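Input: a single structure, listed below in structure tokens.
There are 2 protein chains.
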Amino acid sequence: MSSVAKKTVGTGAPETTSTSQATAERIPAAQRRALILEAATGVFAERGYAGSTTDQVAKAAGISQPYVVRMFGTKETLFLEALDRAQGKLLRAFREVIAAYDAGELTEELQHLDAAAGSGRPEQLKQLMAIAYADLIEDRGILMMLMQAFVAGHEPAIGARAREGFLDIYRLVRDEAGLLPETARDFLAQGMLMNTLIGIRLPEIYEQDSTAEELLECTLRSKLPMVLKASKAQRRAG
Amino acid sequence: MSSVAKKTVGTGAPETTSTSQATAERIPAAQRRALILEAATGVFAERGYAGSTTDQVAKAAGISQPYVVRMFGTKETLFLEALDRAQGKLLRAFREVIAAYDAGELTEELQHLDAAAGSGRPEQLKQLMAIAYADLIEDRGILMMLMQAFVAGHEPAIGARAREGFLDIYRLVRDEAGLLPETARDFLAQGMLMNTLIGIRLPEIYEQDSTAEELLECTLRSKLPMVLKASKAQRRAG
DNA sequence: GTCTATAGGAAGATAGAC
DNA sequence: GTCTATCTTCCTATAGAC
Numbered sequence: 014m015s016s017v018a019k020k021t022v023g024t025g026a027p028e029t030t031s032t033s034q035a036t037a038e039r040i041p042a043a044q045r046r047a048l049i050l051e052a053a054t055g056v057f058a059e060r061g062y063a064g065s066t067t068d069q070v071a072k073a074a075g076i077s078q079p080y081v082v083r084m085f086g087t088k089e090t091l092f093l094e095a096l097d098r099a100q101g102k103l104l105r106a107f108r109e110v111i112a113a114y115d116a117g118e119l120t121e122e123l124q125h126l127d128a129a130a131g132s133g134r135p136e137q138l139k140q141l142m143a144i145a146y147a148d149l150i151e152d153r154g155i156l157m158m159l160m161q162a163f164v165a166g167h168e169p170a171i172g173a174r175a176r177e178g179f180l181d182i183y184r185l186v187r188d189e190a191g192l193l194p195e196t197a198r199d200f201l202a203q204g205m206l207m208n209t210l211i212g213i214r215l216p217e218i219y220e221q222d223s224t225a226e227e228l229l230e231c232t233l234r235s236k237l238p239m240v241l242k243a244s245k246a247q248r249r250a251g
Numbered sequence: 014m015s016s017v018a019k020k021t022v023g024t025g026a027p028e029t030t031s032t033s034q035a036t037a038e039r040i041p042a043a044q045r046r047a048l049i050l051e052a053a054t055g056v057f058a059e060r061g062y063a064g065s066t067t068d069q070v071a072k073a074a075g076i077s078q079p080y081v082v083r084m085f086g087t088k089e090t091l092f093l094e095a096l097d098r099a100q101g102k103l104l105r106a107f108r109e110v111i112a113a114y115d116a117g118e119l120t121e122e123l124q125h126l127d128a129a130a131g132s133g134r135p136e137q138l139k140q141l142m143a144i145a146y147a148d149l150i151e152d153r154g155i156l157m158m159l160m161q162a163f164v165a166g167h168e169p170a171i172g173a174r175a176r177e178g179f180l181d182i183y184r185l186v187r188d189e190a191g192l193l194p195e196t197a198r199d200f201l202a203q204g205m206l207m208n209t210l211i212g213i214r215l216p217e218i219y220e221q222d223s224t225a226e227e228l229l230e231c232t233l234r235s236k237l238p239m240v241l242k243a244s245k246a247q248r249r250a251g
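One line per chain: the protein sequences are A and B, in this order. Everything in the first sequence is counted per our numbering, starting at 14 for the first residue and increasing by one. Everything in the second sequence is counted per our numbering, starting at 14 for the first residue and increasing by one.
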């Protein structure tokens, strides 16, 4: 994930005493923007808006701090763009599920759903979208980026976008997936619980705490192994 | 709420040019601690751990910044104590509901529950605890304080307490209220959704957005009027 | 019990070189 | 397209007076 941003160019000779960083490879601005946004998503997801620094983002992206600011103007703008990106990924993931379902491409997946929860389009889509949501946990940044925006409501610009973004998601599951308000609510609630469990890093104590184990199993079901694996990878990288 | 902390002592003569603050009334340390914790809860709830300053807490409590630090040692300790306090209030609120239910003191409230959701002890307690939870929204600080701790998992000390605190709550609803793991999960999920809606300040756009209206109504039900009122009061207080 | 003064250290943003 | 140097502001924590 961040390995791609680590590439640097130079003489090959290791710096001796200087701690200054090597000049990054020259790449097109648009591409650099994308790399910075990816790095920023990880940093903001981890530490929140106020807790992150543009220098941390710069280091994660393998460039200098002023360059990050130069490209996005302010830290706030950077956060907002990373937020848009994360939300876009989420909406796209849901829409892909809906499109695939309506195209009849998910007959295999339908076998594994909980039949007791209902067999209509909304009920099945709800379950399929929940799986798609859990899949996003693998890229820890996406979901936590959104979560961090949700608790930054006091920042006027961020709060406004967070509100709009949340309502966009609600409308998608209600109108495009066809869920009733109450079903949509329950769906979102499960999502917020997953976010929370990830936020408190519950997977990290899975083996040492049987309560954590039960709650995680009950919430993540078939996706638990993947989440546990991602959690361990995270700690190694962290 | 914070008006009690505004009291100052002095000659009564308004300062002319000085911007320095008046010396606060001399009160016992234990009492001062409580006032600071209350103020800190509001500040941290609003802006998160990283986004809050000890000076903001001090101002909210009507005392000087160094005095806040003097009393709690570090900002982190202050946060942790405010977190304990908030969690304690939540646990107490739930336990009071359970005790009152088991003492047969809630016959009136039982009339207003959704009978379709079940009539056993766990099902009824779940609904009653949900109401108690929503009631806590009125004191916006409690729930958002917890929420802010949940997304600050990267701070080792805070993350550890947040994990433990969340599991404490889960165990309470499972063991003391007697909910099945799946029911407890759904209960917590609804709570996290409420937190999120409050976090993004959805009540503030209730009148201007019909989607927000629908989602809030569907999530908060009978508690919506109270939440809307609290939201308006909050905005006035700034 | 409470304050003022301030040390010491980030962090965001700007200027300007290459 | 990218960096180094730096200005300025803000923040936590300490020292010490009252």
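Note that the Cβ used here is the ideal one computed from N, Cα and C, for glycine as well. Note that this is a predicted model, so its numbers are computed, not measured.
Under 8 Å by beta carbon: chain A residues contacting residue i
i                      : result
residue 195 of chain B : 231
residue 227 of chain B : 194
residue 90 of chain B  : What residue 90 of chain B touches in chain A: nothing, since even the nearest Cβ is about 18 Å away.
residue 172 of chain B : 213 and 214
residue 184 of chain B : 224
residue 87 of chain B  : Within 8 Å Cβ-Cβ: nothing; residue 87 of chain B doesn't reach chain A, min ~16 Å.
Secondary structure of residue i, DSSP reduced to three states
i                      : result
residue 165 of chain A : coil
residue 250 of chain B : helix
residue 35 of chain B  : coil
residue 151 of chain A : coil
residue 212 of chain A : helix
residue 88 of chain B  : helix
residue 135 of chain A : helix
residue 79 of chain B  : helix
residue 130 of chain B : helix
residue 220 of chain B : helix
residue 252 of chain A : As displayed, chain A neither begins before 14 nor continues past 251, which places residue 252 of chain A out of reach and without an answer.
residue 194 of chain B : helix
residue 101 of chain A : helix
residue 118 of chain B : coil
residue 67 of chain B  : helix
Whole-angstrom C-beta distance between residue j and residue i, which should lie under 8 Å
i                      : j                      : result
residue 84 of chain A  : residue 108 of chain A : Not a contact, Cβ separation roughly 29 Å.
residue 95 of chain B  : residue 158 of chain B : 6 Å
residue 49 of chain A  : residue 81 of chain A  : 6 Å
residue 197 of chain B : residue 186 of chain B : 5 Å
Nonlocal neighbours in the same chain, by C-beta distance under 8 Å from residue i, ignoring five residues either side
i                      : result
residue 246 of chain B : none
residue 54 of chain A  : 95, 98, 99, 154, 155 and 158
residue 171 of chain A : 62, 89, 92, 93, 96, 162 and 165
Cross-chain neighbours of residue i in chain B, by beta carbon under 8 Å
i                      : result
residue 222 of chain A : 180
Cβ-based neighbour list, residue i, same chain, cut-off 7 Å, excluding 5 preceding and 5 following
i                      : result
residue 122 of chain B : 141
residue 225 of chain A : 215, 218 and 219
Residue i to residue j span [Cα, whole Å]
i                      : j                      : result
residue 182 of chain B : residue 129 of chain B : 26 Å
residue 99 of chain B  : residue 179 of chain B : 12 Å
residue 148 of chain B : residue 201 of chain B : 15 Å
residue 61 of chain B  : residue 214 of chain B : 15 Å
residue 239 of chain B : residue 230 of chain B : 12 Å
residue 237 of chain B : residue 222 of chain B : 15 Å
residue 218 of chain B : residue 212 of chain B : 13 Å
residue 136 of chain B : residue 135 of chain A : 25 Å
residue 114 of chain A : residue 138 of chain A : 8 Å
residue 57 of chain B  : residue 77 of chain B  : 17 Å
residue 127 of chain B : residue 191 of chain A : 25 Å
residue 232 of chain B : residue 120 of chain B : 24 Å
residue 227 of chain B : residue 234 of chain B : 10 Å
residue 71 of chain B  : residue 251 of chain A : 34 Å
Residues near residue i by beta carbon distance below 6 Å, same chain, minus five either side
i                      : result
residue 208 of chain A : 156 and 160
residue 110 of chain B : 141, 142 and 145
residue 189 of chain B : 111
residue 74 of chain A  : 18, 48, 49 and 52
Amino acids of chain A, ordered along the chain, whose beta-carbon sits closer than 7 Å to that of residue i
i                      : result
residue 59 of chain B  : 167
residue 203 of chain B : 202
Amino acids of chain B, ordered along the chain, whose beta-carbon sits closer than 7 Å to that of residue i
i                      : result
residue 142 of chain A : Here the premise fails: no neighbours, minimum Cβ distance about 15 Å.
residue 161 of chain A : 164
residue 146 of chain A : Those do not exist, as residue 146 of chain A stays about 13 Å from chain B at its closest Cβ, beyond 7 Å.
Listed by chain order, chain B residues near residue i by CB distance under 9 Å
i                      : result
residue 176 of chain A : 213, 214, 215, 217, 218, 222 and 225
residue 63 of chain A  : 60, 61, 62, 63, 64 and 65
residue 198 of chain A : 203, 206, 228, 231 and 232
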